[in-house]
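Keeping their order, the protein sequence lines are chains P and W. In terms of our numbering, the first sequence is residues 1 to 392. In terms of our numbering, the second sequence is residues 1001 to 1392.
Number of protein chains: 2
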Amino acid sequence: MDYTFSKALAGMNGTATREIFKLTSKPEVISFAGGLPAGDALPVQQLSEIASEFFYDPSAVRGMLQYSVTEGIPGFREVVLEQVKDLGIIGQTVENVLITSGGGQGLDLLCKAFLDPGDAVLVERPTFLGFLQTLNSYNARTVGVEADECGIDLADLEGKLLEYHPKLIYLIPTFSNPTGKTCPLERRKAIIELASRHGAIIMEDDPYGRLRFSGEAVAPMKAMDERGVVVYVSSFSKTISPGLRCGFSIGPSEIIRKMTIGKQGVDLHTATLSQHLIKRYIEKEFFLSNIKRSLPIYKERKDAMMNAIKRYMPDSFKHTDPEGGLFIWGEFMDGTDTSAKFPFAIEKKVAYIQGEVFYAENAKKNALRLNYSNESPERIEAGMKALGQAFS
Amino acid sequence: MDYTFSKALAGMNGTATREIFKLTSKPEVISFAGGLPAGDALPVQQLSEIASEFFYDPSAVRGMLQYSVTEGIPGFREVVLEQVKDLGIIGQTVENVLITSGGGQGLDLLCKAFLDPGDAVLVERPTFLGFLQTLNSYNARTVGVEADECGIDLADLEGKLLEYHPKLIYLIPTFSNPTGKTCPLERRKAIIELASRHGAIIMEDDPYGRLRFSGEAVAPMKAMDERGVVVYVSSFSKTISPGLRCGFSIGPSEIIRKMTIGKQGVDLHTATLSQHLIKRYIEKEFFLSNIKRSLPIYKERKDAMMNAIKRYMPDSFKHTDPEGGLFIWGEFMDGTDTSAKFPFAIEKKVAYIQGEVFYAENAKKNALRLNYSNESPERIEAGMKALGQAFS
Chain P
1 MDYTFSKALA GMNGTATREI FKLTSKPEVI SFAGGLPAGD ALPVQQLSEI ASEFFYDPSA
61 VRGMLQYSVT EGIPGFREVV LEQVKDLGII GQTVENVLIT SGGGQGLDLL CKAFLDPGDA
121 VLVERPTFLG FLQTLNSYNA RTVGVEADEC GIDLADLEGK LLEYHPKLIY LIPTFSNPTG
181 KTCPLERRKA IIELASRHGA IIMEDDPYGR LRFSGEAVAP MKAMDERGVV VYVSSFSKTI
241 SPGLRCGFSI GPSEIIRKMT IGKQGVDLHT ATLSQHLIKR YIEKEFFLSN IKRSLPIYKE
301 RKDAMMNAIK RYMPDSFKHT DPEGGLFIWG EFMDGTDTSA KFPFAIEKKV AYIQGEVFYA
361 ENAKKNALRL NYSNESPERI EAGMKALGQA FS
Chain W
1001 MDYTFSKALA GMNGTATREI FKLTSKPEVI SFAGGLPAGD ALPVQQLSEI ASEFFYDPSA
1061 VRGMLQYSVT EGIPGFREVV LEQVKDLGII GQTVENVLIT SGGGQGLDLL CKAFLDPGDA
1121 VLVERPTFLG FLQTLNSYNA RTVGVEADEC GIDLADLEGK LLEYHPKLIY LIPTFSNPTG
1181 KTCPLERRKA IIELASRHGA IIMEDDPYGR LRFSGEAVAP MKAMDERGVV VYVSSFSKTI
1241 SPGLRCGFSI GPSEIIRKMT IGKQGVDLHT ATLSQHLIKR YIEKEFFLSN IKRSLPIYKE
1301 RKDAMMNAIK RYMPDSFKHT DPEGGLFIWG EFMDGTDTSA KFPFAIEKKV AYIQGEVFYA
1361 ENAKKNALRL NYSNESPERI EAGMKALGQA FS
């Protein structure tokens, strides 16, 4: 039989990165292509202790195995609100929180709540590939906004707000994927001002904000949102465990309510065992202490990559110098085509992601994203040496 | 700020059942409103043993906490295919399977893969409320097809295939929600014949099929699908644990591929710990043995409800007599309005779901759904006595 797929999915045939991940799953390939948290940072011991406590008493487990409510297991939203207070996100109630199946589900549900086919959404250039895919699945009109070293350009943002009347603006203001850049406080305020003047909702995606290993913290945009224009979307994937698929969104109650209704028709609720593990983990005050333990791991790896870039990459390679998160972004000023070079890198058993996949349109061909979080300093050194040879 | 939601979600403000569940969450209310598997049927002991084994060796846990692939953890799809062979679903490969976050996600991803706004979908009258909501979220045109005691009416089905050119036909052929009815073999074959002639995909939702406590098994429609017209959507929610949110879909590889791409943009993958628990549980051959242990629980409760109906409900109440699953459906031949009667039932501390919510249009006002799986025989007896009084 022939199948007539929806307009949105008919044209989607998997991403370039999917194929890359197949190549990089071989252990002999040193991969800077992924976006995994450091394996050594995963709190295996603490989560195992909690799980062992749970399952030691099977009668207590029964409730964890039944259906639960869409919003999140009882008490979990309160724990989440307590946990974001030190970021400056205060004055929120449980009506402002939804537990999601990973942070990405928060993004998807916001699209579901707001977007009709053809609706415009503004994104930074470049931006998170996964969200570009999500926007495609809603048949959205994705419009890129230019950015400088501090994030999205205000003049271009205003121009595109006027021209496209977007419903949503998508930003990763802290340690952006793919660039690692952080948007400073004053610009955050100016973006909020512009967005509320034009009636656009800011989707503040913040999976990496806690992973700051140098410099001064900048408050999330949600912490300075006085008019209900920001929805804060975050995740425990980079701070506790990605496999558990648990995140949360914080926003105006009216929006959270629509997202909750959307979630009912999608997966009903997030896996209860994942929620119980993470709730107990935070209650036991493992959250910040384990992040503190893991930051030197990230810093050491990032430093290893920065040093190796200096040593092995050509002078034409200009790159970011992030203060946290998982990624370094680089561009070849001599116009080197990073897609064309990819087979040479794989031949030398090292992988990256070509920059062009992070753009909705007018992609830069001379850029790449390097991930430093999931390889040891020794493998980073060896991999960058090989990469330097591939690009020479 | 004012929010302009998507056309699909603007009109959705939560369901009637949501409010009912708030009322019925009080322990003094005997609830026939839900759709939970019997608490006593949950394999608490076995899952606890497996989890304890996992977490006894934290180093083995590390892999379970990282990201995984969208299709399902390694080896799990093979286990699922092995597990459905006794249903007659054979000759499938891993390319035909997707692990989903509950069975409901399979339904949602099929909608995402196929539906543009306004596309028609045929559903049985009455049908699963949750799927009607999902269809609303896609702005689908939902068209009800009449049914008799054996399921969907073939003449009406053919007429509506001709009139509406639907992309999808949604059916729960075994122990339907909300009616408990099962569609016999010959009619299943005739439906497949009609669907393939008109180029419509059959979504065969089968969460309850394993819960047969009397009568003869009928093969799933997928088992007789020679032309790739059926996608089989199922779940471990009723057979292992709903809280783990784990299900699977089996269909033509081209469709499964589109669903996989859709899932990437939704939740990336199903919680790995849930997948590992269920995979090991099936490998240890707990699956069929625990279902066998649980069937007498379901039968006892269903019998208790049937007996109590005879004793306490008025003669005008005509109802189904299911051979498995969770639900009995009844209609008052004297036209009693079940929504109007609901406050009287709640006053007597018993709850049900009014039948009208299970229709997309032209709802029957004189019907109700009774769930027998999650109350003890004693409470079923007491609750039905109270219900009889409310309806007298």
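From the three backbone atoms N, C-alpha and C, an ideal C-beta is built for every residue, glycine too.
Which residues mark the beginning and the end of the alpha helix (DSSP H) in which residue i is found?
| i | result |
| --- | --- |
| ALA1304 (chain W) | 1287 to 1312 |
| TYR1056 (chain W) | 1044 to 1056 |
| THR383 (chain P) | A small correction: the amino acid at residue 383 (chain P) is Gly; Thr does not occupy that position in the sequence shown. Here the alpha helix (DSSP H) through GLY383 (chain P) covers 377 to 390. |
| GLY1159 (chain W) | 1154 to 1164 |
| LEU9 (chain P) | 7 to 10 |
Looking at residue j and residue i, is the spacing between their C-beta atoms short of 7 Å?
| i | j | result |
| --- | --- | --- |
| PHE248 (chain P) | VAL145 (chain P) | no |
| ILE89 (chain P) | GLU124 (chain P) | no |
| ASN139 (chain P) | ALA8 (chain P) | yes |
| LEU211 (chain P) | GLY91 (chain P) | no |
| PRO220 (chain P) | LEU326 (chain P) | no |
| PHE1358 (chain W) | PRO1126 (chain W) | yes |
| GLY103 (chain P) | VAL233 (chain P) | yes |
| LYS399 (chain P) | ALA113 (chain P) | This structure cannot settle anything about residue 399 (chain P), because the visible part of chain P is limited to 1 through 392. |
| SER137 (chain P) | LEU1115 (chain W) | no |
| ALA1271 (chain W) | ALA271 (chain P) | yes |
| VAL1350 (chain W) | ALA1386 (chain W) | yes |
| LYS238 (chain P) | TYR208 (chain P) | yes |
| HIS276 (chain P) | MET64 (chain P) | yes |
| ASP1206 (chain W) | THR1174 (chain W) | yes |
| CYS393 (chain P) | THR134 (chain P) | Any question about residue 393 (chain P) goes unanswered here, given that chain P covers just 1 to 392. |
| MET305 (chain P) | ILE380 (chain P) | yes |
| ALA1120 (chain W) | TYR1170 (chain W) | no |
| GLU254 (chain P) | TYR1003 (chain W) | yes |
| PHE286 (chain P) | GLN46 (chain P) | yes |
Could you check how far apart the C-beta atoms of residue i and residue j are, in whole angstroms? I think they sit under 8 Å.
| i | j | result |
| --- | --- | --- |
| LEU109 (chain P) | GLY262 (chain P) | 5 Å |
| PRO1184 (chain W) | VAL1231 (chain W) | About 21 Å; that fails the 8 Å criterion. |
| ILE250 (chain P) | VAL84 (chain P) | 7 Å |
| PRO1242 (chain W) | PRO1037 (chain W) | 7 Å |
| TYR448 (chain P) | SER373 (chain P) | The question about residue 448 (chain P) has no answer, for chain P in this structure spans 1 to 392. |
| SER397 (chain P) | ARG245 (chain P) | Outside the displayed range of chain P (1 to 392) lies residue 397 (chain P), so it cannot be described from this structure. |
| PRO74 (chain P) | VAL1044 (chain W) | The Cβ separation is near 19 Å, so there is no contact. |
| LEU1107 (chain W) | MET1203 (chain W) | 6 Å |
| ILE1099 (chain W) | ALA1382 (chain W) | Going by Cβ atoms, the distance from ILE1099 (chain W) to ALA1382 (chain W) rounds to 41 Å, so no, they are not a contact pair. |
| LYS1364 (chain W) | ALA1390 (chain W) | Rounded, the Cβ-Cβ distance is 19 Å, inconsistent with contact. |
| THR260 (chain P) | GLU71 (chain P) | 6 Å |
| VAL1143 (chain W) | LEU1129 (chain W) | At roughly 16 Å, the Cβ-Cβ gap does not stay under 8 Å, so VAL1143 (chain W) and LEU1129 (chain W) are not in contact. |
| PRO1117 (chain W) | PRO314 (chain P) | 50 Å between Cβ atoms; not a contact. |
| LYS1279 (chain W) | MET1224 (chain W) | Rounded, the Cβ-Cβ distance is 28 Å, inconsistent with contact. |
| GLU28 (chain P) | ILE256 (chain P) | Contact doesn't hold; Cβ gap of about 46 Å is too wide. |
| GLY1039 (chain W) | ARG62 (chain P) | 6 Å |
| CYS1236 (chain W) | LEU1295 (chain W) | It is Phe, not Cys, that sits at residue 1236 (chain W) in the sequence shown. Wrong, their Cβ atoms sit about 16 Å apart, outside the cutoff. |
| ASP1177 (chain W) | GLY1388 (chain W) | Correcting the residue type first, residue 1177 (chain W) is Asn in the shown sequence and not Asp. Actually they do not touch by this definition, with Cβ atoms about 24 Å apart. |
Along the beta strand (DSSP E) that carries residue i, what are the first and last residues, could you check?
| i | result |
| --- | --- |
| THR100 (chain P) | 97 to 100 |
| LYS1318 (chain W) | 1317 to 1319 |
| ILE169 (chain P) | 168 to 171 |
| LEU1368 (chain W) | 1367 to 1371 |
| PHE1076 (chain W) | Run containing PHE1076 (chain W): none in the beta strand (DSSP E); it sits in the alpha helix (DSSP H), 1076 to 1083. |
| GLU331 (chain P) | 327 to 332 |
| GLU1272 (chain W) | At residue 1272 (chain W) the sequence reads Thr, which differs from the Glu that was named. Note, THR1272 (chain W): premise wrong, no beta strand (DSSP E); alpha helix (DSSP H) at 1272 to 1283. |
| VAL143 (chain P) | 141 to 145 |
Exercise. Are the stretch 287 to 298 of chain P and the stretch 330 to 339 of chain P touching by the rule of at least three beta carbon pairs closer than 8 Å?
Worked result: no
For this session: Run through the stretch 1195 to 1265 of chain W for me and flag every whole alpha helix (DSSP H) of 4 or more residues, listed as ranges in chain order.
Result: 1253 to 1264
Exercise. Counting Cβ pairs, one atom from each stretch, are 3 or more of them under 8 Å apart for the stretch 1024 to 1038 of chain W and the stretch 1155 to 1170 of chain W?
Worked result: no
Exercise. What beta strand (DSSP E) runs, 3 residues minimum, are completely inside the stretch 85 to 135 of chain P?
Worked result: 97 to 100, 120 to 124
Exercise. Is the number of C-beta pairs between the stretch 1367 to 1385 of chain W and the stretch 1346 to 1356 of chain W that are closer than 8 Å three or more?
Worked result: yes
Exercise. Are at least three pairs of beta-carbons, each pair with one atom in the stretch 35 to 52 of chain P and one in the stretch 1043 to 1055 of chain W, less than 8 Å apart?
Worked result: yes
For this session: Please list the segments of the alpha helix (DSSP H) lying wholly inside the stretch 1337 to 1366 of chain W, counting only runs of 4 or more residues, in order along the chain.
Result: 1338 to 1347
For this session: Please confirm if the stretch 1333 to 1349 of chain W is in contact with the stretch 1188 to 1204 of chain W, defined as three or more CB-CB distances below 8 Å between the two stretches.
Result: no
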